[in-house]
Amino acid sequence: MKPDSQNVTDYTNNNTIFMVWSFKDDVEVKDTFSQLCKLIINLNNSANIRFPVSRASCVMGIGHDAWLRLELPTPLPKELTNFAPIVGSKHTAVSTKGDLHFHIRADTTSICYDMASAITDVLSPVAISTVEIHGFRYWDSRSILGFVDGTENPHGQDREFFSLVADEDPAYEGGSYLFTQKYIHDLTAWKGLSTEQQEKVIGRYKANDIEMSDEVKPSNSHIALANVGDDLKIVRDNMPFGNMSTNEMGTYFIAYASTFSTVQTMLANMFIGSPEGNYDRILDFSTAKTGSLFFVPTFNMIDDFSD
52 MKPDSQNVTD YTNNNTIFMV WSFKDDVEVK DTFSQLCKLI INLNNSANIR FPVSRASCVM
112 GIGHDAWLRL ELPTPLPKEL TNFAPIVGSK HTAVSTKGDL HFHIRADTTS ICYDMASAIT
172 DVLSPVAIST VEIHGFRYWD SRSILGFVDG TENPHGQDRE FFSLVADEDP AYEGGSYLFT
232 QKYIHDLTAW KGLSTEQQEK VIGRYKANDI EMSDEVKPSN SHIALANVGD DLKIVRDNMP
292 FGNMSTNEMG TYFIAYASTF STVQTMLANM FIGSPEGNYD RILDFSTAKT GSLFFVPTFN
352 MIDDFSD
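The opening residue of the sequence shown carries number 52 in our numbering; numbering runs sequentially from there.
See below:
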């Protein structure tokens, strides 16, 4: 029977809350985690019944250290490790701790808040929230930099192919690798560029979202370096966030992938460069503040974990 995967292939929604939690030291966490697993199943089932057109869901990912601490099945998913920093000549993809990740999304904010509140009630006694990002849909799925985000995402059945583990790791078939980064943008510097200069940083034309030809697109543009081939794709669900008055605006990068090595290849291209030193020009305006890897088990596994 086909595994019951979490909602990693869903398309971007209008409202999102991203949460990263880290377990406290010297506390018992297994009973709380069991309760949490029951809650995640309940939240998703309830959303499907109460708000069937809202496309509401809550996806839970588990980090490497948490997997071991909770004594979940071994061997672990083949590529589940603690993310190691990727250090380039100028920019670094940092690594930050995270035991549990929650990707909450819906067309309306109310459902997102209620889901986040329920998760917080369960986890607060044993864990600390280290990241909470409230994302929003900006115009026609544009980042706060003004360019459409996620155009290269796979569609249809390809979304499942590129985001879900297949029979190469049969114990975890239907699961997914989840990688996240919180980026803060230097909007003052970005707005100092002309539209033409911004387009050369991204590799696309701003108004119509059409990719530049290879003859025009700079080799250090974001599109040239982040896209590593039609056979190596991921499902992005990035969302903008932030406070305009404090100029703390950013993008929460979130990628679901059948293999984490695909994400690593993209990050190496961006931060180290291809060739080395030819790093992604967007990093001169966007700083990675976090970087964490998780594994998203199937609902079948979550149900097992709840016992």
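The beta-carbon is built from N, C-alpha and C at its ideal position, and this holds for glycine as well.
The model shown is predicted, which means the values in this text are computed figures rather than measured ones.
query	result
Where Glu299 falls, given that 16 or more other Cβ within 10 Å makes a residue buried	exposed
Rounded C-alpha distance that separates Pro291 from His185	8 Å
Distance, Val177 Cα to Val80 Cα	6 Å
Beta-ladder partner(s) of Trp72, from DSSP	Leu151, Ser180
9 Å Cβ cutoff met for Thr302 and Ser194	yes
Proximity of Thr159 and Asn66 at Cβ, strictly below 9 Å	yes
CB of Gln57 within 9 Å of CB of Pro348, strictly	yes
Exposure label - Trp190; buried when at least 16 CB within 10 Å	exposed
Limits of the alpha helix (DSSP H) - the one that Lys340 falls within	Counting along the chain, Lys340 falls outside any alpha helix (DSSP H), and DSSP gives it neither H nor E.
Any 3 or more C-beta pairs closer than 8 Å across the segment 109-123 and the segment 313-328	no
DSSP beta-bridge partners of His236	Ser337
Closest Cα partner of Phe69 within the set Ile162, Arg156, Cys88, Arg255	Arg156
CB of Ile353 within 9 Å of CB of Leu229, strictly	no
Per DSSP, cross-strand counterpart(s) of Arg193	Val199
Start-to-end residues for the beta strand (DSSP E) that takes in Phe304	299-308
Collapsed DSSP secondary structure at Met295 in the structure displayed	coil
Within-9 Å CB hit, Arg193 to chain C	As a matter of chain content, chain C is missing from the structure shown, which is built from one protein chain.
Proximity below 9 Å, CB of Leu276 to CB of Tyr330	yes
Beta-carbon proximity of Ser214 to Ile285, cut-off 9 Å	yes
The segment 311-319 touching the segment 218-234, judged by at least three CB pairs closer than 8 Å	yes
Of the listed residues Leu238, Ile91, Leu87, nearest to Ser296 (C-alpha basis)	Leu238
Contacts around Gly197, its chain only, beta-carbon distance under 8 Å, and the 5 residues preceding and following it disregarded	Gln249, Lys257
Own chain, CB closer than 7 Å to Ser108, minus 5 neighbours either side, in chain order	Asn58, Asp61, Asn95, Ala98, Arg156
Asn289 classed as buried or exposed, judged by whether at least 16 other C-beta atoms fall within 10 angstroms	buried
Delimiting residues of the beta strand (DSSP E) encompassing Ile100	Element bounds for Ile100: not the beta strand (DSSP E) but the alpha helix (DSSP H), 81-101.
Limits of the unbroken beta strand (DSSP E) element including Met111	108-113
Nearest-angstrom beta carbon gap, Arg188 and Thr310 [assumed within contact, 8 Å]	The pair is not a contact, with the Cβ atoms about 29 Å apart (cut-off 8 Å).
Met166, buried or exposed, once every other Cβ within 10 Å from all chains shown has been counted against 16	buried
Residues sharing a beta bridge with His142, DSSP	His142 pairs with nothing; no bridge assigned.
Close Cβ partners of Ala169 (< 7 Å) along its chain, the five nearest in sequence each way excluded	Leu90, Leu94
Which residues DSSP lists as bridging Gly186, in chain order	Thr67
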